[in-house]
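Enquirer: The structure that follows is given in the form of structure tokens.
Protein chains: 2
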Amino acid sequence: MSHALIKIICNFARNYHWDSMKKTSLFADSEGKRVTCRDCKEKSCAAAVLNLNEINLINDNRTETTFRKGDIILHEGTMISHIIYLKSGLVKEYIKSGSEKEQILQIVKKYSYLGLPSLFGDRVNNYSYAALEDIKVCYIDLNVFNSLIKKNGNFAYEILVSVSRDSLNNFHRFMSQAKKKTYGRVADALLYFSRIIYESQEFEIPFTRQEFAELIGIARESSARVLAKFKEEGILDLDGRKIRIIKPELLRQISKNG
Amino acid sequence: MSHALIKIICNFARNYHWDSMKKTSLFADSEGKRVTCRDCKEKSCAAAVLNLNEINLINDNRTETTFRKGDIILHEGTMISHIIYLKSGLVKEYIKSGSEKEQILQIVKKYSYLGLPSLFGDRVNNYSYAALEDIKVCYIDLNVFNSLIKKNGNFAYEILVSVSRDSLNNFHRFMSQAKKKTYGRVADALLYFSRIIYESQEFEIPFTRQEFAELIGIARESSARVLAKFKEEGILDLDGRKIRIIKPELLRQISKNG
DNA sequence: GAGAGCGTGTGACATTTATCACATTCCTTG
DNA sequence: CAAGGAATGTGATAAATGTCACACGCTCTC
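Here it is as structure tokens:
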């Protein structure tokens, strides 16, 4: 069965995406170890880290499901029972600090796992997750996932890459929040949405101004004022929740200066 | 050679420490896989994840060295050439934002690796490291370390645990900074030193007031005022850089309220 | 022991940012 | 379409925090 078309885990350099044959169809050689991705242009996609048996093992122990916008996927404090992989859509990670209003921590985009660090910690979900739009997720059996990590060092290595990258990203993002003033924070948030979340100069944030302000840790009114000033200065175009960044270099400048 | 006394990597639940026979003497059975730690009381220490061959491989490819207080261990921007493991002492992790004054990110204490997430990222050191006191470190060959991760899934899993735990810790710490006001930040910093770094109510911070203030992202004068107020309220005792926390529960209260 | 240099604490003031109040717009629902 | 409520923008004000200035005390050196 050389070069058979198979369901497979495709290393997308940054993360994995679990998909049906249709979306990430891959060719595998007779051992199922060397694969070629038809869709994915990432170089590291050329070699998958799982063999055919491992791939089948995962496919036999995963379920796929959908959530509607606003649905809660995970509650903080609950035990981790499955690995949850986000196939499509955006998810917000948040905590409810003492039954008050929620605190948004970050936005998770597709091709990411939800709460991976918690898995290797105390196995209790540290954060809650809710869908910002209609999403698709995969539930993977915890034991299967863990045994794969322990049996297949290359797979473990790729997971390490994923966790490390998230760790560094979060570190940078929070550094910025902890050390910067209002203008720098807003600029950072806009660049974050533009470069990391939407990868576009133009996007529509899935938040009210209130939530947006809470995300970056300032007051609602302050965020409105800063956005208005950015618009006035021609840095961006503003239409409700639609934002178009016109002069990203100025935002970077503002971010740099704190 | 059943139960031979060997040099070994001992899983200290949170991290690893590399040590000579003298300090972490372990018994291993004939395969060298099951070990018992004589000193360490941690439960997870009962089973090491490396066999005798792997242990010897690492011991043959590591060097141990010391740094003096103030010495720079790693410069940001340089390529990662070795895994650096901190055997004893405190190290500060910092960045030099644009040749200006340095920005301290965190304190690293013994039994930690330096810059592990960077290793699995782009292999460039993201941060600089300098010794806050006289320290001992181990340099481990990068290829040996990586091949161990890929060949031994259990070892990889333990590294994953370590990276994940750091990631969660940092996340919590920066959350606190990003969302809290001056009093909450100072309280957090004091609890951080007391509980995580020194594990004691009484300690001497290795920083000037200026550096302390920069670490938590406030002005020097503000930190002095807050500390003075804490002293006035009987929350702590203050003598220069020596700090004795008298009422930790009040600090936790302040931290909680922002 | 005198002086320089650094780290530190504290008051006065300036700036930033949050809070409050309210008008306007937008969206939903009947 | 009308009405109500939520979301938003903006001015006035208060509170928090940074900045500046300066004095004190400690250490080091000559």
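Top line first, the protein sequences correspond to chains L and U.
Count along the first sequence starting at 1, add 2, and that's the number in the working numbering.
Count along the second sequence starting at 1, add 2, and that's the number in the working numbering.
In this text, a Cβ means the ideal position worked out from N, Cα and C, and glycines have one as well.
1) Near U/G79, which residues of its chain fall below 7 Å by C-beta distance, leaving aside the five closest residues on each side in sequence?
2) Any beta carbon from chain U within less than 8 Å of L/S183's own beta carbon?
3) Could you please give the first and the last residue of the uninterrupted beta strand (DSSP E) stretch that includes L/K153?
4) Specify, as a first and last residue, the run of the alpha helix (DSSP H) that U/S120 falls within.
5) Determine which residues of the region 65-85 of chain U have a Cβ less than 8 Å from any Cβ of chain L, and write them out in chain order.
6) So, is L/G72 buried or exposed, given that buried needs 16 or more other C-beta atoms within 10 angstroms?
7) Going along the region 133-157 of chain U in order, which residues come within less than 7 Å of chain L, judged by CB to CB distance?
8) Is the beta carbon of U/D190 less than 8 Å from the beta carbon of U/S257?
9) Quick one: give me the first and last residue of the beta strand (DSSP E) that U/V93 is part of.
10) Along the alpha helix (DSSP H) that carries L/L107, what are the first and last residues, could you check?
11) In three-state DSSP terms, what is U/H174?
12) Out of U/L193, U/D62, U/I137, U/S164, state which residue places its alpha-carbon closest to the alpha-carbon of U/S178.
13) Report yes or no: is there a C-beta of chain L within less than 8 Å of the C-beta of U/F122?
14) Taking all protein chains shown into account, do 16 or more other C-beta atoms lie within 10 angstroms of the C-beta of U/K231, making it buried, or fewer, making it exposed?
15) Taking Cβ-Cβ distances shorter than 9 Å, what residues in chain L pair up with U/Q105?
16) Pairs of beta-carbons, one from the region 115-126 of chain U and one from the region 56-65 of chain U, closer than 8 Å: are there three or more?
17) Could you name each continuous alpha helix (DSSP H) segment of 4 residues or more that falls completely within the region 52-85 of chain U, going from the start of the chain to the end?
18) Interface residues of chain L around U/G91 at Cβ under 9 Å?
19) Between the alpha carbons of L/R243 and L/E204, how many angstroms are there, rounded?
20) Can you have a look at L/R70 and say buried or exposed, based on whether 16 or more other CB atoms are within 10 angstroms of its CB?
21) Can you tell me whether L/N259 is buried or exposed? The criterion is at least 16 other CB atoms within 10 Å of its CB, across all chains shown.
22) Over what stretch of residues does the alpha helix (DSSP H) that includes U/E216 continue unbroken?
23) What are the residues of the region 183-199 of chain U that lie near chain L, defined by any Cβ-Cβ distance shorter than 8 Å?
24) Measuring straight from C-alpha to C-alpha, what distance separates U/S207 and L/I86?
25) Is the beta carbon of U/Y131 less than 8 Å from the beta carbon of U/I75?
26) Closer than 7 Å by C-beta to L/R246: which residues in its own chain qualify, once you throw out the five before and the five after it? Chain order, please.
27) Anyone know if the C-beta pair for U/N154 and U/E56 falls short of 8 Å?
28) List the DSSP bridge partners of L/I247.
29) Can you tell me the Cα-Cα spacing of L/I220 and L/L252, whole angstroms?
30) Let's see if you can read the secondary structure: which residues bound the beta strand (DSSP E) around L/A261?
31) Helix, strand or coil for L/V206 per DSSP?
32) Would the beta-carbon of L/K111 fall within 8 Å of that of L/E104?
33) Relative to the C-alpha of U/I151, which residue among L/I109, L/I161, L/F176, L/M81 is closest?
34) Report the residue from L/F147, L/L92, L/N53, L/F176 whose alpha carbon sits nearest the alpha carbon of L/E135.
35) Can you tell me the Cβ-Cβ gap for U/Y141 and U/Y96, rounded? I've got them flagged as a contact below 8 Å.
36) Would U/S166 pass as a contact of L/G123 if the rule is Cβ separation under 8 Å?
Expert: Based on what the coordinates show:
1) V126, N127
2) The amino acid at residue 183 of chain L is misidentified as Ser; the sequence shows Lys. Output row for L/K183: interface = no.
3) No beta strand (DSSP E) contains L/K153, which is instead part of the alpha helix (DSSP H) from 144-153.
4) 118-121
5) Hits within the stretch: zero.
6) exposed
7) I151, K152, K153, N154, G155, N156
8) The answer is yes: Cβ separation under 8 Å.
9) 93-98
10) Looking at the DSSP string, L/L107 is not in any alpha helix (DSSP H); the run it does join, the beta strand (DSSP E), is 104-110.
11) Of the three classes helix, strand and coil, the one that applies to U/H174 here is helix, per DSSP.
12) U/L193
13) Yes, contact with chain L.
14) exposed
15) Residues of chain L passing the Cβ test: M177, K181.
16) Output reads no: the region 56-65 of chain U does not touch the region 115-126 of chain U.
17) Within the region 52-85 of chain U, the complete alpha helix (DSSP H) runs of at least 4 residues are 54-62.
18) Correct list: empty, because the minimum Cβ distance to chain L is about 23 Å.
19) 11 Å
20) exposed
21) With a 10 Å radius around the Cβ and a threshold of 16 neighbouring Cβ atoms, L/N259 comes out exposed.
22) 211-218
23) Of all residues in the region 183-199 of chain U, none has a Cβ within less than 8 Å of some Cβ in chain L.
24) The identity of residue 207 of chain U in the sequence shown is Ile, whereas the question assumes Ser. Going by the C-alpha atoms only, they are around 42 Å apart.
25) Yes; because the gap between Cβ atoms is below 8 Å, this pair is in contact.
26) The answer, listed in chain order, is Q203, E204, L238, D239.
27) yes
28) The partner list for L/I247 (beta bridge, DSSP) reads L/L238.
29) 21 Å
30) The structure shown does not extend to residue 261 of chain L, since chain L is modelled only from 3 through 260, so no value can be given for it.
31) The question names Val, but residue 206 of chain L in the sequence shown is Glu. Three-state result, L/E206: strand.
32) no
33) L/I161
34) The shortest C-alpha separation from L/E135 is found at L/L92.
35) No, U/Y141 and U/Y96 are not in contact; Cβ-Cβ is about 21 Å, not under 8 Å.
36) yes
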